[in-house]
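Notes follow once the structure below has been shown.
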């Protein structure tokens with residue numbers, strides 16, 4: 258099944274800036290007892306085995322152990338309610354790793370799929386700020402960080418050479434809003450915590 262996607266993503270987790278998981282290839286302990294992270298994607302353009310999935314959104318929530326490489330992750334998948342049945346099925350296959358690609362690298366670490374839901378989703382990139390709303394469950398905004406010595410118009414700080422499913426280069430960001438409500442029994446407020454943003458180009 259040939260497919261390709263391009264777009265942008267944002268990430269928010271309960272670690273402090275910068276997440277030890279990201280900078281260690283998942284082998285260093287997170288800042289807290291569990292690693293809880295949301296990845297949100299906006300597909301600018303994409304085709305999955307002939308199905309056009311452009312302008313659709315997907316989010317993945319992960320609740321993992323403090324050392325994420327230990328596996329046993331609990332994972333929930335959210336797909337944009339604006340996707341029709343064919344698009345939802347195609348996106349589900351890509352973001353669950355069923356048809357190869359970067360997400361397939363993570364599937365051996367998954368211990369339980371909490372569920373798959375289709376919900377209204379809004380994703381926005383606005384300069385250094387990036388936001389997503391996932392139904393009534395997840396509400397996130399992150400802001401790419403600039404070293405204060407450079408002033409407001411300085412370069413965004415970033416990480417390079419990362420082992421990461423989305424991109425090997427990520428911005429360093431901090432959440433200005435990061436809340437969850439009733440996500441399979443979980444609620445949180447990670448405002449002020451770690452965030453990342455990057456473009457992505459995937460194909461298999």
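In our numbering, the protein residues as written are 258 to 461.
Built from N, CA and C at the ideal position, the CB exists for glycine as well.
Could you check where the alpha helix (DSSP H) with residue 342 kicks off and where it finishes? From DSSP, the alpha helix (DSSP H) with residue 342 extends over 342-352.
Please check the pair residue 451 and residue 270, which I expect to be a contact at CB under 8 angstroms, by giving their CB distance rounded to whole angstroms. For residue 451 against residue 270, the beta-carbon gap comes to about 5 angstroms, under 8 angstroms, which counts as contact.
Residue interval of the beta strand (DSSP E) (run including residue 356): In the DSSP assignment, residue 356 falls outside any beta strand (DSSP E), carrying neither H nor E.
Backbone CA spacing between residue 220 and residue 299 [nearest angstrom]: Because residue 220 is not part of the residues shown, which for the chain are 258 to 461, the question remains open.
Cα separation between residue 408 and residue 385? If I take the Cα positions, the gap works out to 14 angstroms.
Within 8 angstroms, do at least three Cβ pairs link the region 345-354 to the region 397-417? No, because fewer than three Cβ pairs between the region 397-417 and the region 345-354 fall closer than 8 angstroms, the two stretches do not touch.
Just how far apart, CA to CA, sit residue 430 and residue 394? Spanning the two alpha carbons is a distance of roughly 22 angstroms.
Specify the secondary structure class of residue 365 as computed by DSSP and reduced to three states. Here residue 365 sits in helix by DSSP.
So what does residue 293 bridge to, in DSSP terms? Its beta-bridge partners are 320.
To which residues of the same chain is residue 333 closer than 7 angstroms at the C-beta, ignoring the five residues directly before and after it? Same-chain partners within the cutoff: 318, 371, 372, 440 and 441.
Give every residue of the same chain whose Cβ lies closer than 7 angstroms to the Cβ of residue 344, excluding the five residues on either side of it in the sequence, and list them in chain order. Excluding sequence positions up to five before and after residue 344, its CB lies within less than 7 angstroms of the CB of 308, 310 and 313, all in the same chain and listed in chain order.
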